[in-house]
Amino acid sequence: MTPKNSRLIQLLAREQSADPAAIESQFCHHLEYTIGKNKFDIKNEDIYKALGFTIRDFLIDRLNETHELYENEKPKKIYYFSLEFLIGRTLHNALINLGMFDVVDKVIKGFGYDLTEILEFEMDAGLGNGGLGRLAACFLDSLATLNIPGFGYGIRYDYGIFNQIIADGNQVEMPDHWDADGIPYEIVRPDKVYTVNFYGHVESRVNAVGNLQFEWIPTETVLAAAHDYPIPGYNTSTVNYLRLWTARSSEEFNFDYFNHGNYMKAVEDKQISENISKVLYPNDTTEQGKILRLKQQYFMVAASLQDILSDFKKEQGQLDLFYEKVAIQLNDTHPSIAISELMRILLDQESWTWERAWTLCTKVFSYTNHTVLPEALETWSVSLMEFLLPRHVQIINEINFRFINMLKETKLYSDEEIAEVSVFEESSNKRVRMANLAIIGSHKVNGVAALHTELIKTTIFKTFYRIWPEKFTNKTNGITPRRWLLQCNKDLSHLIASKVGNNFPARLDELRELEKFADDAAFQEDWMKVKHKNKEFLSKIIHSEAGILVNPHSIFDVQIKRFHEYKRQLLNILNVIGQYRRIKESPKSSFTPRVVIFGGKAAPGYFIAKLIIKLINSVAEVVNKDPEVADLLKVVFMPNYRVSLAEKIIPATELSQQISTAGMEASGTGNMKFALNGALTIGTLDGANVEIQEEVGEENIYIFGLTAHEVMDLKSKGYNPNDYIHKNSELQKILRMVGDGFFSHGDSSTFQAIYQNLTTIDHYLLMADYSSYDAMQMQVSQDYLNKKQWLRKSILNTARMGKFSSDRTIQEYADEIWKVKSQNPVKPRTITKIL
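Residues in the sequence shown are numbered from 74 upward in steps of one, following my numbering.
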C-alpha cells in the first residue's frame, strides 16, 4: 500500500546537487529568503551566513542518509560524554571534509568575494577551554571519517570560557558572545527536550514483589533542549552529530508575580535555570559556584542518558541488549555522575535488581583519565551532592559498600589500600572521589600516552591496578590531520601531496614517503619557502593583534597553551630574560634572531598563572622597546588564544616549546600539531613527547631536564631550589631582575610572589631544570644557522608523525574498548584533490 505522503518522501530522497550552478542557486535563495537580504544591502558577513546555510543543506542530506543507514543496520554506537568540545570554526572544515572547497571557492569568486576572507567571519565556538575539549573535537572528526557510529554529548554554553584582553599587561576576562549572530550550521531539535531534576528527598516503599523501591521527589526541574552540530567525515558520506544541551526553565514566566508588580521574581526561575548553560567552568570558589558546576555535570549526563535510552528503546527494544549496542566514554571525571544516574534509572524506573543493573552499567562505561596530579582529581563534598542529588548519593554509597566488602573478603588489601580506593575521602568534610567512582563503574580505564598510563598504574591508581590490571590500557592521543595540516597549512599540504599523493589526510602513515626527500636540495628549498610564507603571514597578524613588528627571518619560537604552573611558561620567560641579558652584555657577539611567542588563558581565579602573563607582557615591554636589542629578540603575547589563532600560529612555528615538568602532562596534543607542521620540539620527557622522540629520532628533537622518575626521586629526598640557584650566577641575576622590579618600573612588590615561589618552594622544579633548558636553547640557536640540517630535521618530523593521527587512536578505542565497527557509507566517495 502506497503511503499518502509518498510524493513527499520521494522529493525528500533527492540529494542536493554539488555542481556550481546549483550551489549558486541555493546560496542566493538563502541570502534572500533565509537571512532576508536584498541585492542592495549585502555585506561580507551576509555572504558567510548564506554560505553557512548552503553547506548546512549538504550536511543535513548526509546526516539523514547516515541516520537511515544506522536505523537499518542497527550497529553498536559509541557516545562520547565531555563537558568540553573545542571545535573552533566549522565551515572551513566542512568544506574540506565534504570535498567542496574548490567548487565553493569558484562560486564565491564568481560573486566577487574571497572565500578566505569570508571564512574569517565565523566565530570560534565557545565550547571548550584547552586540550581536553580539542581532543574531543578531533575524536568526533575521526569517528565520522572512519564511518563509526559515534556521537558527542555536551553543553551548549552561551558564553563559553571568556574572551581574553590584555590591559596594562594583565589578563582581563570579557564575555565571549560567540553565537551573537546566530550559528548557520546549528540544527535546533524541538522534539528532543528532556526534564532534569535537582534537590528534594527520597522516599522508599515495598513494591508488589516485596522489594524495596526508591523514588526521588525533586523540588526543582529544568528542561534540556537539544542543538545538533553535524560532524562530516573526510572522504566519506558519513555525517554524525555533536548534540549539545541548553538549559530552559520549566516555568518560563510567572504571571502571578508579574501581576502583583514583582517583575524580577516573575522571570527568576527562568534566569536560575538558564544559568546552567551560561558559562563553561563557573568560578567554584563560592558555594553557589560549586552548586552550579555540579548542576552542569548532572544536567549534561541526565539529558544525554534519557536521549540515548529513548533512541535505544525505539530502535532495539529491550534494555537487556543495551550494553551490546551502546558504549559510553567518559572524557575525564566531569561526566562520571552518569554511572550513578544510569543505576538510578535502571533501579528506580525500570525496577531492575542491583546485580542486573550493575552488570549492565559496568559493561557500558569506560573512562579516560587526563591527569597524574593528585590535586587535579575531582572531588565533591558529600553534603553538597546530597543536597543537590540525594538519590545519587544513596546509590554511590551502595556502590562503595559493595566494592569495599568485595575487597575485604579477598583479604589481599590493607586498610590503607582500601581507604585509598574508596569512593569516599573520609575527612572533616567528607568528599566523593569522582575518579574512583569512574574506575569502579567502568570496564576500561585508559591513559592518554604510554608514560602517563604507566604513571597512573604505579602512582595515583596503583591499588586499583592491583585489583583490576585488565581494566587499564593505554590509548595515546592523536590529532585530526584534516584540520591540523590540510586546513591550516594548505601550501605545505600541496607540497606533500606532490611527493606522496592525495591519500595522506586519511592515511597519515603515508607521510613516511617524505623521508626519501629529506636531503633533496630542491625539496628543502620548497619546504623553506612554504615555512617562510607562513611566517610572513603570521608576522602581519602579530602586528595587527599585538602591535609588534617582528622579523620573519628570525626563528619563530612558540609556546601556546593553557596557562598553568606545571606547563612552565615561567621557565620560558626566565630564559628569555637570560637571552636579553646576553645581548645587553655582549652586543657585538653573534646571536640568532628569535621571536618568542606566547598565547593562552589563565583560569580567572588562578592568581599565579595570571601574574605570569603579567610578567611576560612586562618583559615584552622592556625587550621590544630596547634599541640595542632591535630585531635580535622580540617577545610577543598573542591575546585571546583560540583554535582559529592556533591554526595561523602553528604552520609558522619553527621551535615548539613542550616544557612541562616531567611526569605532570598526561599527553599533550599541541606537540603533535607543531611537529606535523615541521616544527622541531624542545621539551622534557613528558606525556607524548616520549613517543614523539621514539618516532622522529633523538637527533631530531631537543630533550632536556629531569625525567619523571628523577622528579619523583628528587622530591622524595627533599628538593631545595637554592641548591641549583647558588650554582648558577646567571640564574641569580635573572631572578634578581624579577624580584627587584626591573620589569615593573622599580616596584619590587609586583612579581614578589613569583620570586618567593621560585626561591623557596618551586613545586614544578624550574630551578632544577633551568641550566639544562638554557643549554638546549643555545644548541637550538646554533643548529638553526645550519639551514640544510635544520630543514632535514623539519621534514623528518613531519614524515614521522603518522602514529599521531586521531584516526589511529579512535580505531584502537573502537577495537579494544568499545567493540564498535565501521559501517559502509551510503555513498562512498573518493576525493581526488586534497583541496
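All residues carry an ideal CB built from backbone N, CA and C; glycine is no exception.
Distance check for residue j and residue i, CA to CA, integer angstroms please.
i: Gln83; j: Gly390; result: 29 Å
i: Phe372; j: Arg504; result: 20 Å
i: Leu156; j: Gly201; result: 8 Å
i: Leu159; j: Ala693; result: 29 Å
i: Arg417; j: Val374; result: 12 Å
i: Lys548; j: Ala523; result: 8 Å
i: Ile689; j: Ile364; result: 35 Å
i: Ile234; j: Gly206; result: 12 Å
i: Ala216; j: Arg641; result: The question names Ala, but residue 216 in the sequence shown is Leu. Looking at the two C-alpha atoms, the distance is approximately 33 Å.
i: Trp318; j: Lys351; result: 11 Å
i: Gln862; j: Ala591; result: 9 Å
i: Ile716; j: His616; result: In the sequence under discussion, the amino acid at residue 716 is Val, which differs from the Ile named in the question. Going by the C-alpha atoms only, they are around 19 Å apart.
i: Ala167; j: Leu558; result: 15 Å
i: Ile633; j: Ala719; result: 8 Å
Would you identify the three-state DSSP class for residue i, choosing helix, strand or coil?
i: Tyr336; result: Residue placement at Tyr336 is poorly supported in this model, since its pLDDT is 47, which falls under 50; the coordinates still yield a value, given next. If DSSP states are grouped into helix, strand and coil, Tyr336 belongs with the helices.
i: Phe671; result: strand
i: Val899; result: coil
i: Glu414; result: helix
i: Pro276; result: According to the sequence provided, residue 276 is Glu. The question's Pro does not apply to it. Of the three classes helix, strand and coil, the one that applies to Glu276 here is strand, per DSSP.
i: Ile732; result: coil
i: Ile776; result: strand
i: Val466; result: helix
i: Phe372; result: helix
i: Ala163; result: Residue 163 is actually Thr in this sequence, not Ala. Residue state, collapsed to three classes: coil.
i: Thr107; result: helix
i: Val496; result: coil
i: Glu88; result: coil
i: Trp541; result: coil
Locate the alpha helix (DSSP H) running through residue i, then write down its first and last residues.
i: His300; result: Careful: His300 lies outside any alpha helix (DSSP H), inside the beta strand (DSSP E) at Glu293 to Pro305.
i: Asp264; result: Looking at the DSSP string, Asp264 is not in any alpha helix (DSSP H); the run it does join, the beta strand (DSSP E), is Ile260 to Phe271.
i: Gly125; result: Asn117 to Glu146
i: Phe158; result: Counting along the chain, Phe158 falls outside any alpha helix (DSSP H), and DSSP gives it neither H nor E.
i: Ala579; result: Looking at the DSSP string, Ala579 is not in any alpha helix (DSSP H), and its letter there is neither H nor E.
i: Leu528; result: Ala523 to Thr531
i: Arg207; result: Gly204 to Thr218
Compare the Cα-Cα distances from residue i to each of the options and report the closest residue.
i: Ile128; options: Ser155, Ile260 and Glu448; result: Ile260
i: Asp178; options: Asp92, Gly255, Leu136 and Ile239; result: Asp92
i: Ile890; options: Thr426, Thr726, Glu288 and Ser439; result: Ser439
i: His799; options: Asp786, Gly778, Thr832 and His605; result: Thr832
i: Ile614; options: Thr311, Phe710 and Met479; result: Phe710
i: Lys900; options: Phe629, His103 and Tyr307; result: Tyr307
i: Asp252; options: Glu195, Pro408 and Asn697; result: Glu195
i: Asp175; options: Leu758, Lys563, Phe610 and Thr526; result: Lys563
i: Lys604; options: Glu586, Asp582 and Ser627; result: Ser627
i: Gly227; options: Ala240, His165 and Ala320; result: Ala320
i: Tyr143; options: Leu392, Thr311, Lys343 and Thr292; result: Thr311
i: Glu783; options: Thr757, Ile472 and His637; result: Thr757
i: Met851; options: Gly814, Phe664 and Ser867; result: Phe664
i: His103; options: Gly161, Ile120, Gly673 and Val279; result: Ile120
i: Ala887; options: Asp130, Ile115, Phe212 and Leu168; result: Phe212
i: Asp847; options: Gly183, Ile732, Glu527 and Leu420; result: Ile732
i: Ile681; options: Tyr837, Gln597 and Ile540; result: Tyr837
Please work out which residues of its chain come closer than 7 Å, Cβ to Cβ, to residue i, disregarding the five sequence neighbours upstream and downstream, and give them in chain order.
i: Glu88; result: Asp134
i: Met810; result: Ile650 and Phe816
i: Val853; result: Leu728, Ile755 and Tyr775
i: His274; result: Ile290 and Pro463
i: Ile469; result: Ser413, Val496, Val505 and Leu510
i: Tyr396; result: Leu433, Lys436 and Val437
Quick one: residues in its chain with C-beta nearer than 6 Å to the C-beta of residue i, no 5 flanking neighbours on either side, listed in chain order?
i: Asn236; result: Met247, Asp249 and Asn713
i: Gly185; result: none
i: Leu188; result: Asp178 and Ile181
i: Ser409; result: Leu403, Met507, Leu510 and Ala511
i: Val669; result: Asp630, Val649 and Val708
Just curious, the beta strand (DSSP E) that residue i is in, first and last residue?
i: Val631; result: Ile628 to Ile633
i: Val623; result: Careful: Val623 lies outside any beta strand (DSSP E) and carries neither H nor E.
i: Gly520; result: Lys517 to Gly520
i: Lys876; result: It is not in any beta strand (DSSP E) - Lys876 carries neither H nor E in the DSSP assignment.
Could you confirm whether any beta carbon from chain B is found closer than 8 Å to the beta carbon of residue i?
i: Glu423; result: Looking for chain B here will not work: only one protein chain is present.
Grab me the residues of residue i's own chain with a C-beta within less than 8 Å of its C-beta, minus the 5 sequence neighbours each way, in chain order.
i: Gln805; result: Ile798 and His799
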